[in-house]
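Here's the structure, in structure tokens; my notes come after.
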Amino acid sequence: MGTVSTNEFRKRLKIMLDDQPCMIVENEFVKPGKGQAFNRVRLKNLITGRQLEKTFKSGDSFQEADITNTTMQFLYTDGQNYTFMDTKSFEQVEISKENMDGAEKWLLENTECDISFWGDRPISVTPPVFMELSITYTEPAVKGDTSNNVTKAATVETGAEVQIPLFIGQGDRVKIDTRTGEYVERAK
Amino acid sequence: MSLIPAHRPDPEAAAFRAISLRKVRAYFDSQRVLEVDTPALSRGISLDCHIDVFSAAFHPLGYARADRSDAAGRAYYLQTSPEPHMKRLLCHGFPDIYQIAKAFRNGEHGEKHNPEFTMLEWYRLGFSLDRMMDDVEAVCTLIAGLRPSRRRAYTEVFQTALGADPLALDLDGILALPSLRDRLPSRGAFATKTDALDFIMAHLIEPGFDPDVFTFVHGFPAEQAAQAQVYTEDPRLAHRFEVYGGGMELGNGYLELTDAKEYERRFEEENAKRRLRGKPELPKDLDLLADLRLGLPPCAGVAVGLDRLLLLGMGRKDIASVLAFPWNAC
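Those sequence lines, one after another, are chains A and B.
The working numbering numbers the first residue of the first sequence as -9 and each following residue consecutively.
The working numbering numbers the first residue of the second sequence as 127 and each following residue consecutively.
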């Protein structure tokens, strides 16, 4: 991995800061007319997910973080760890529930996820943006209430709880946005 | 290769700029200030340790050829401000003057910086710094509808923000202030006390200025005098002000130094600071120093970043949005 200077900072660039891989969320160049230049930067720690603000002298250099992304298929879980497989190399990795960071609630067997690695270490799992899932449980709709804004709770086949419109029933399939956990539309 | 237009110049911003320039010209006409036009490319350059220049070479015709790597040409610089030439005019007996000039600063690119920008610079003979601040306010309010100014002394601004007197502390004293804990970059970031004060001003104080008001801060520490006169009654302070629109720096004004020897001394000081930071030295502007020997009349001068003023006037955030072709599109 090479080094990058603040001059090359841009959104989504990944650098090492205090031995932690971080992603640049925002980068602002601040320079008084007669003063020194700095970069005011908001970063996201890719391990903890926490955001932090830092100010660097313009021109300072950083090690780039060795972050790679691989598409892997979800195989199974024992409740503690989640096992994924690279469909090209057939290599498998185990990711602890803690590191799944909520992604696990959208996974079906064979779901393809984007997994970030810092070196060899998996640090985050991103499920597909949209998942089509069956409703395994929801209360029947109350007749007469046709307002579109009213929703009801439902459980989908992966076990996640979602809010769905009243006209959707048990056994129906729905499309969910995994970034927000929100219902998008009825799926066929 | 496919060529897709990546940038659309904005006619609304262009119209706002044109109207604003008309107002500025009308104001200076009414004040009998003469519009001047001086070179953007020249041998002389304003010397400032934190301002990096674009350089260009002049070649006699026929010498700028790919097979002649020895033809270095003669070094010229794109002006970082029209100040040296405008002062030379004053030395030659010109009256009050203003200029709407392109200025160039290398490496300065961001939401509030374009490496090429428009500077509105003017000089008023015999003006006090107070009168100059009135003048700046009159010009700024032509373009941006902020409320009239608050004028604050530099030391008061610091005292209010940090609970400490910036003149009484040295660099270590400043870095140790409890009010700055966890708010400063790493210790190595500051070579001098001035660097630390500049940082505090730009990062910790300016963002807190009332967003709807023009704020003037005056009476800067003498180490930051640049080309301003030092107070005769208190040599720790200089007759320099900065004007801000909300939290954004708009310009710098001075009660201009008139003494040629002192100019030369400050140029050398800036070069010493450049050496300290591992930057190449820049030539002293010998033409300016020669003309200063004719005598610069007592005057106040100010440089205002016009694009930023337009930004305020249009209620926009990114300087690229008021330029026809910003840095990434030209």
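Cβ atoms here follow ideal geometry from the backbone N, Cα and C, with glycine treated the same way.
Item: Chain B contact for residue 24 of chain A (CB, 8 Å cutoff); Value: yes
Item: Whole-angstrom distance between residue 304 of chain B and residue 202 of chain B, CA atom to CA atom; Value: 47 Å
Item: Own chain, CB closer than 7 Å to residue 104 of chain A, minus 5 neighbours either side, in chain order; Value: 59, 61 and 116
Item: Members of the region 108 to 133 of chain A that neighbour chain B once the beta carbon cut-off is set at 8 Å; Value: none
Item: The region 39 to 65 of chain A: positions lying closer than 8 Å to chain B by Cβ; Value: 44, 45, 46, 47 and 48
Item: Selected residue, minimal CA-CA separation from residue 180 of chain B, among B:410, B:449, B:187 and B:166; Value: B:166
Item: Three or more C-beta pairs below 8 Å linking the region 236 to 245 of chain B and the region 432 to 439 of chain B; Value: yes
Item: CB contact below 8 Å: residue 325 of chain B versus chain A; Value: yes
Item: Interface partners of residue 355 of chain B on chain A, CB under 8 Å; Value: None at all; the shortest Cβ gap to chain A is about 16 Å.
Item: Where residue 324 of chain B sits in the DSSP three-state scheme; Value: helix
Item: Other residues of its chain near residue 422 of chain B: CB distance less than 7 Å, five sequence neighbours each side excluded; Value: 213, 216, 217, 382 and 384
Item: Cross-chain neighbours of residue 1 of chain A in chain B, by beta carbon under 7 Å; Value: Per Cβ cutoff of 7 Å: no residues; residue 1 of chain A is ~13 Å from chain B at best.
Item: C-beta atoms of residue 297 of chain B and residue 310 of chain B nearer than 8 Å; Value: no
Item: Limits of the unbroken beta strand (DSSP E) element including residue 426 of chain B; Value: 425 to 431
Item: Under 8 Å (Cβ pairs) to chain B, residues found in the region 6 to 31 of chain A; Value: 18, 19, 20, 21, 22, 23, 24, 25, 26, 27, 28 and 30
Item: Closest by C-alpha distance to residue 177 of chain A, when choosing among A:66, A:164 and A:101; Value: A:164
Item: Residue 275 of chain B, buried or exposed, once every other Cβ within 10 Å from all chains shown has been counted against 16; Value: buried
Item: C-beta neighbour in chain A for residue 237 of chain B, strict 8 Å; Value: yes
Item: Short Cβ contact (8 Å threshold) for residue 279 of chain B with residue 329 of chain B; Value: no
Item: Buried versus exposed call for residue 2 of chain A [16 or more other C-beta atoms within 10 Å across all chains shown]; Value: exposed
Item: Proximity below 8 Å, CB of residue 88 of chain A to CB of residue -9 of chain A; Value: no
Item: Span of the alpha helix (DSSP H), counted from its first residue to its last, around residue 146 of chain B; Value: 137 to 156
Item: Extent of the continuous alpha helix (DSSP H) run through residue 341 of chain B; Value: It is not in any alpha helix (DSSP H) - residue 341 of chain B instead sits in the beta strand (DSSP E) that spans 339 to 347.
Item: Chain A within 8 Å of residue 232 of chain B, Cβ atoms only; Value: no
Item: First and last residue of the uninterrupted alpha helix (DSSP H) at residue 299 of chain B; Value: 297 to 301
Item: Proximity below 8 Å, CB of residue 207 of chain B to CB of residue 429 of chain B; Value: yes
Item: Continuous alpha helix (DSSP H) assignments of at least 4 residues falling wholly in the region 78 to 147 of chain A; Value: 87 to 90
Item: Chain A contact residues for residue 229 of chain B, given Cβ-Cβ distances below 8 Å; Value: Correct list: empty, because the minimum Cβ distance to chain A is about 10 Å.
Item: Alpha helix (DSSP H) runs wholly inside the region 168 to 255 of chain B, at least 4 long, in chain order; Value: 209 to 217
Item: Distance CB(residue 411 of chain B)-CB(residue 177 of chain B) smaller than 8 Å; Value: no
Item: Residue-chain proximity (residue 157 of chain B, chain A), Cβ-Cβ < 8 Å; Value: no
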